[in-house]
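Everything below concerns the one structure shown next.
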Amino acid sequence: MQGENFINSEREIKVSFGYQCNSPRGIPCSAANGREIWSGSEMPRTGSFSCLSGAALSANATLANTNICNGVIGGEILPSLDSPKSFRRVPSSPSLPRLDILSSSLQSSISNLSCSSPSPLDSPETDSFLLKPMSAPSRTDSFLNAMEVQMAGGAAGEDRVQAVCSEENGWLFCAIYDGFNGRDAADFLAGTLYETIIFYFTLLDRESKQNVPTANGCFEYFHDDGLVGNKAKPTSRIDGKNYASAESLMKKTADRKVEVLSDSFRHGVLDSLQRALSQAENDFLYMVEQEMEDRPDLVSIGSCVLVVFLHGNDMYTLNLGDSRAVLATYDNANDMGQTEKLKAIQLTDSHTVDNEVERTRLLHEHPDDSMPVVGGKVKGKLKVTRAFGVGYLKKKKMNDAVMGIIRVHNLISPPYISTEPSMNVHTISRSDHFVIIGSDGLFDFFSNDEAVKLVLYYISSNPYGDPAKFLLEQLVIKAAHSAGFSKEELMNIPAGRRRKYHDDVTVMVIILGTNHRTSKASTCV
1 MQGENFINSE REIKVSFGYQ CNSPRGIPCS AANGREIWSG SEMPRTGSFS CLSGAALSAN
61 ATLANTNICN GVIGGEILPS LDSPKSFRRV PSSPSLPRLD ILSSSLQSSI SNLSCSSPSP
121 LDSPETDSFL LKPMSAPSRT DSFLNAMEVQ MAGGAAGEDR VQAVCSEENG WLFCAIYDGF
181 NGRDAADFLA GTLYETIIFY FTLLDRESKQ NVPTANGCFE YFHDDGLVGN KAKPTSRIDG
241 KNYASAESLM KKTADRKVEV LSDSFRHGVL DSLQRALSQA ENDFLYMVEQ EMEDRPDLVS
301 IGSCVLVVFL HGNDMYTLNL GDSRAVLATY DNANDMGQTE KLKAIQLTDS HTVDNEVERT
361 RLLHEHPDDS MPVVGGKVKG KLKVTRAFGV GYLKKKKMND AVMGIIRVHN LISPPYISTE
421 PSMNVHTISR SDHFVIIGSD GLFDFFSNDE AVKLVLYYIS SNPYGDPAKF LLEQLVIKAA
481 HSAGFSKEEL MNIPAGRRRK YHDDVTVMVI ILGTNHRTSK ASTCV
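Position one of the sequence shown corresponds to residue 1 (full-length UniProt numbering), numbered consecutively onward.
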């Protein structure tokens with residue numbers, strides 16, 4: 001095992017934050033590197049996570065702020081949300097001047113501001129969610145049930161990371177936006193996607209207004225079998241001897257109803273996540289169309305998307321591209337008396353041309369194009385097959401806006417890059433230990449199993465430490481060794497040139513459970 005000293009050059013560690021639930025001392029806990037981890041106040045635990053660690057390392061040289069949406073995203077919205085070194089309290093859904101995002105010429109050209117379902121990519125008229133100003137929902141507007149949250153996040157190179165937590169309400173939102181060809185798309189996502197998701201979660205509640213939330217976050221419908229067609233239905237009589245069996249039958253029926261409604265609620269959450277992503281995509285491409293005359297490079301800028309949302313005991317994942325969420329979970333002990341073994345389970349799909357399923361799908365969707373994959377990339381441009389933005393591989397008019405080597409000269413049947421995410425919901429069990437969320441830069445150097453073993457090794461001996469930053473340390477050591485450098489020599493190479501040796505890397509580690517694993521390994525509780 002490599003040494004544990006953190007990277008000396010702090011200038012490239014752009015993001016490093018932590019959150020710890022319910023410290024027994026009720027005060028911030030010191031991390032191994034001396035910074036403070038936000039510790040929640042004493043309150044009943046309703047969630048399934050105990051500790052969060054996040055860190056990001058830059059390799060690409062990029063502008064500190066981008067000018068998408070006339071500079072409002074980078075100049076106004078992101079500074080109000082970013083907190084790269086610690087969590088801070090913010091309104092659960094900040095009230096943002098959405099109309100200010102649009103230029104005056106755009107505002108004057110729009111007469112109908114409505115929030116409709118996302119329009120197809122090639123539709124000449126696209127309603128924009130961003131055209132409609134939003135206010136922070138009240139505590140009763142959403143099942144998230146929080147007026148204030150703790151938020152952390154920031155940028156490293158072309159990557160962006162966000163974490164939003166409401167410990168008292170048992171939910172955690174984590175997102176990694178791995179930008180490419182620039183950071184505008186990642187910045188746009190960081191400035192808008194969380195609030196768009198909150199908006200659609202609020203719609204989910206409104207669409208379920210005839211339902212009531214139970215203690216576990218599920219929805220139970222009021223259903224009175226005694227009222228049919230506004231007429232009273234005779235009440236059944238139950239004899240004493242049949243009472244026990246009838247009660248048992250009613251309980252089983254109620255359990256089945258709750259189970260069905262729980263599944264319905266989960267589908268509703270997944271649908272809301274997908275609708276929010278689709279809306280953000282439409283909004284971004286709409287903005288690109290308005291600004292590409294002045295900035296034609298915008299049509300090539302995109303981002304991978306990875307969202308992990310914990311609510312109660314459910315963990316939802318949504319991804320586009322090649323970032324990963326990896327669950328570390330214990331195998332059950334076997335009959336031979338062997339101890340439990342921690343194994344790595346990848347919760348997300350890898351959307352690249354190296355994935356045979358994705359490659360086959362791409363070929364099937366473009367039967368009239370004999371060369372959808374060129375040189376191991378989609379149309380010779382992009383290794384990922386699904387991504388946010390990158391409009392010139394989705395719309396002909398955006399491809400026509402660029403010249404030279406960026407332009408695709410045989411864009412026969414766009415879109416070639418899909419915005420259909422892979423989604424999953426996993427019910428957290430007592431066997432689940434932690435989740436690693438990382439951009440592809442992490443997995444350029446470590447397999448899923450290797451990353452899990454590193455985290456387990458670290459948190460076993462450093463219960464109040466920073467496993468995300470430890471992973472970055474190990475990655476730098478390995479990258480330096482591969483290049484024939486010392487760690488210090490590699491870190492002294494300026495961003496941009498260092499991209500030759502490693503990518504921007506963003507990592508979050510979520511420790512699951514409360515204290516049921518303390519006998520086997522520290523869970524940061």
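Ideal Cβ positions, reconstructed from N, Cα and C, are used throughout, including at glycine.
Indicate the three-state DSSP secondary structure (helix, strand or coil) for G18 in the structure shown. strand
Give the single residue among F388, E158, I436 whose Cα lies nearest to the Cα of G302. F388
Residue nearest to A468 in terms of C-alpha spacing, selected from I510, S58, V149, A483: I510
So who's on the other strand from N319, going by DSSP bridges? L306, S422
Determine the closest residue to L329 out of I345, V307, M292, with distance taken between C-alpha atoms. Reading off the sequence shown, one finds Thr at residue 329, where the question assumed Leu. Nearest of I345, V307, M292 to T329, Cα basis: I345.
Can you tell me where the beta strand (DSSP E) holding I301 begins and where it ends? Counting along the chain, I301 falls outside any beta strand (DSSP E), and DSSP gives it neither H nor E.
Do you know whose CA, among S86, F49, Q162, lies nearest F17's CA? S86
With S53 as the anchor, note down where its beta strand (DSSP E) starts and where it stops. 49-57
Exposed or buried, which one is V408 when buried takes at least 16 other CB atoms within 10 Å? buried
Cβ shell of K478 (< 7 Å), same chain only, five flanking positions each side left out: F445
Given a cut-off of 7 Å, decide if A56 and V161 are closer than it, judged by their beta-carbon atoms. yes
So is K395 in contact with chain B if we call contact Cβ pairs under 7 Å? Although the question refers to chain B, the structure presented lacks it and comprises just one protein chain.
Does R206 pass the burial test, meaning 16 or more other C-beta atoms within 10 Å, or should it be called exposed? exposed
C-alpha distance - F188 paired with G71, whole-angstrom precision: 11 Å
Suppose you measure from the CA of P79 to the CA of G179; what does that come to, to the nearest Å? 18 Å
Could you check what DSSP says for G465 in three-state terms: helix, strand or coil? coil
C-beta contact flag for D503 and A155 at 7 Å: no
Near A185, what residues of its chain come up, given a Cβ to Cβ distance below 6 Å and the 5 sequence neighbours on each side ignored? G179, I301, G302, S303, F388, G389
How would you label residue 568, buried or exposed, when you count the other beta carbons within 10 angstroms and need 16 or more for buried? The requested residue 568 does not occur in the structure, where the chain is confined to residues 1 to 525.
Close Cβ partners of E293 (< 6 Å) along its chain, the five nearest in sequence each way excluded: none
Run through DSSP, which three-state label would L411 get? coil
Give the single residue among R324, L81, V476 whose Cα lies nearest to the Cα of K487. V476
Terminal residues of the continuous alpha helix (DSSP H) containing F188? 184-207
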